[in-house]
Amino acid sequence: MKLLKNNIINTLISKFLTAFCLMGVVIITSQTLGSEGRGLISYVLLIIAIAQVISEFVGGSALINLAPRIRTINLIWPSYLFTILIVGILYLVMRFSGNNFIPAWLTALIALFLCLSNINLNIILGRQRINQRNGIQFLYTLLLLSGVYYVYWIQKGTDVVPYFNILAFAYIIGFILSLLQLLSLADKGSIEPLQLSRDIFKFGFWSQLAQLVNLLNYRIAYFFVERDFGLEQLGVYGNSMTVGDMMKIPGQSLGQVQHNRIINHSQPERFGLKLTKRYLTLNLVLYLLQAIVIILLPALFWTWLLGSDFITLKNVVLYLLPGFIALGLATSFSYYFHALNRFKTVLAVNLATLITFVVSYVLLVGNLGFKAVLISFSLAYVVQLMLFVVLFFRKDKGSYHPLKDIKYWWRIQFSKE
27 MKLLKNNIIN TLISKFLTAF CLMGVVIITS QTLGSEGRGL ISYVLLIIAI AQVISEFVGG
87 SALINLAPRI RTINLIWPSY LFTILIVGIL YLVMRFSGNN FIPAWLTALI ALFLCLSNIN
147 LNIILGRQRI NQRNGIQFLY TLLLLSGVYY VYWIQKGTDV VPYFNILAFA YIIGFILSLL
207 QLLSLADKGS IEPLQLSRDI FKFGFWSQLA QLVNLLNYRI AYFFVERDFG LEQLGVYGNS
267 MTVGDMMKIP GQSLGQVQHN RIINHSQPER FGLKLTKRYL TLNLVLYLLQ AIVIILLPAL
327 FWTWLLGSDF ITLKNVVLYL LPGFIALGLA TSFSYYFHAL NRFKTVLAVN LATLITFVVS
387 YVLLVGNLGF KAVLISFSLA YVVQLMLFVV LFFRKDKGSY HPLKDIKYWW RIQFSKE
């Protein structure tokens with residue numbers, strides 16, 4: 027019980043520290059580059075994120091599930107090779123397209139070391155080194171914040187390209203740190219031969235297909251906003267989504283521990299049903315507390331924090347808030363199905379979410395304009411949560427007692443064991 031409490035608390039602390047570093051980056055770049063600069067950053071980062079998800083079709087988050095039973099080198103070499111291939115394609119696409127916001131080689135460099143770092147971190151997590159993984163993520167995020175602070179607040183920089191130079195450096199350091207940690211976990215003396223596991227393709231494909239659709243669920247609106255309303259509006263929308271990223275911290279932190287406990291249990295399916303309901307309850311409480319804070323924050327707070335370009339951010343966040351809450355609660359179910367290798371279930375739900383967003387946006391944009399993006403986002407994630415609830419509780423034969431779960435978490439928090 028003490029180990030469980032420590033893992034949860036340590037994960038929450040490290041995730042919050044990482045998120046506050048990222049929020050610091052958003053604040054500095056918003057104040058110095060304005061909404062158009064933030065829109066440009068959001069757009070380029072989305073392209074990199076899509077390349078990352080595609081590169082993880084070999085391995086990806088499935089590495090977490092495979093790490094406890096497959097030799098590390100047999101997970102690394104196919105994942106690395108496929109990543110290099112995808113990043114090479116990204117470079118060629120960026121090099122010969124007419125929309126190079128930043129140099130193509132820099133985009134590819136960032137994508138390469140982001141992908142390689144994530145491969146290492148997924149294996150580290152699968153080996154139950156949760157604190158080490160969180161620590162590495164925090165350190166390279168702190169490097170990013172330090173670099174942005176120096177360039178934009180100390181040197182008074184006004185160009186967007188240095189931001190991506192700093193980002194590339196931070197990911198290179200993250201890769202080196204994660205590689206050193208991975209080497210310490212190497213299977214010394216293992217007699218398992220160097221081979222290619224079919225599972226790394228099978229699980230990786232379905233896992234990442236679900237992740238790709240999920241990324242589109244969360245970010246596809248960027249393309250619509252940039253096309254229909256311009257980079258300045260995209261900057262406001264992107265910063266609003268950063269608020270949602272901050273709100274996701276408890277759910278992702280709990281989900282990370284939940285996922286790790288399920289995949290390492292001798293009876294993962296039965297244990298996962300009980301565990302998921304407990305984590306869902308805690309997730310619900312934490313999200314409601316965050317929602318109250320977001321609602322109470324005045325609009326002037328955001329303009330003070332980010333600059334006058336973001337005066338409409340409060341209204342945007344309020345429209346997105348139901349979607350943020352639904353997404354956060356759905357995370358508990360998503361981690362459960364992922365831990366059981368039910369990637370097709372997650373994929374089906376994510377596809378339904380994506381279809382809901384696109385259809386509702388097309389139907390609403392003519393009458394509502396920019397508000398159509400916000401309403402469609404919240405509607406899509408409410409649908410996602412409902413689908414996960416139906417699928418989970420059809421399988422679970424027990425009942426759901428949130429008050430009992432709250433007492434359980436209270437007992438853990440104050441237990442001296």
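Here the sequence shown stands for residues 27 to 443, numbered as in the working numbering. Cβ atoms here follow ideal geometry from the backbone N, Cα and C, with glycine treated the same way.
Check                                                                                                                                                          : Outcome
Can you tell me whether His364 is helix, strand or coil according to DSSP?                                                                                     : helix
Taking just the CA atoms, how far does Leu118 sit from Val84?                                                                                                  : 21 Å
State the Cα-Cα distance for the pair Asp335 and Phe108, rounded to the nearest angstrom.                                                                      : 41 Å
Report all residues from its chain with a CB closer than 6 Å to the CB of Tyr263; omit the five preceding and five following residues, and keep chain order.   : Val251
Going straight from the alpha carbon of Thr184 to that of Ser61, what length do you get?                                                                       : 13 Å
Apply the 10 Å Cβ neighbour rule to Val319 and answer buried if 16 or more other Cβ atoms are within range, or exposed otherwise.                              : exposed
Output the distance between the C-alpha atoms of Ala378 and Phe396, rounded to the nearest integer angstrom.                                                   : 22 Å
Buried or exposed: which applies to Ser143, given that a residue is buried once 16 or more other Cβ atoms fall within 10 Å of its Cβ?                          : buried
I need the straight-line Cα distance from Cys445 to Leu332, nearest angstrom please.                                                                           : As shown, the chain starts at 27 and ends at 443. That puts residue 445 outside it, with no answer to give.
Along the chain, where does the alpha helix (DSSP H) that runs through Gln410 open and close?                                                                  : Lys397 to Lys421
With a CB to CB cut of under 7 Å and the five nearest residues on each side skipped, what residues in its chain are close to Thr44?                            : Gln163, Phe164 and Thr167
When burial is assigned at 16 or more other CB atoms within 10 Å of the CB, is Gly215 buried or exposed?                                                       : Here the model assigns Gly215 a pLDDT of 42, short of 50, so the residue's position is not dependable, and the following value carries that caveat. Looking at its Cβ environment, which holds fewer than 16 other Cβ atoms inside 10 Å, Gly215 is exposed.
Tell me whether Asn191 sits in a helix, a strand or coil according to DSSP, three-state version.                                                               : helix
Leaving out five residues on either side along the sequence, give the residues of the same chain with a beta carbon under 7 Å from the beta carbon of Val52.   : Asn265 and Thr268
Does DSSP classify Phe83 as helix, strand or coil?                                                                                                             : coil
Leaving out the 5 sequence neighbours to the left and right, which residues in its chain are closer than 6 Å to Ser40 when beta-carbon positions are compared? : Asn160 and Phe164
Tell me whether Leu315 counts as near the ligand ZN, meaning its Cβ is closer than 6 Å to at least one heavy atom of that ligand.                              : Of the ligands one can find in the structure shown there are none, so the ligand ZN has no counterpart to examine.
Secondary structure at Val283, three-state DSSP: helix, strand or coil?                                                                                        : helix
If you draw a straight line from the alpha carbon of Ser404 to that of Leu209, how long is it in whole angstroms?                                              : 43 Å
Taking Cβ to Cβ, would you say Phe139 is nearer than 7 Å to Phe201?                                                                                            : yes
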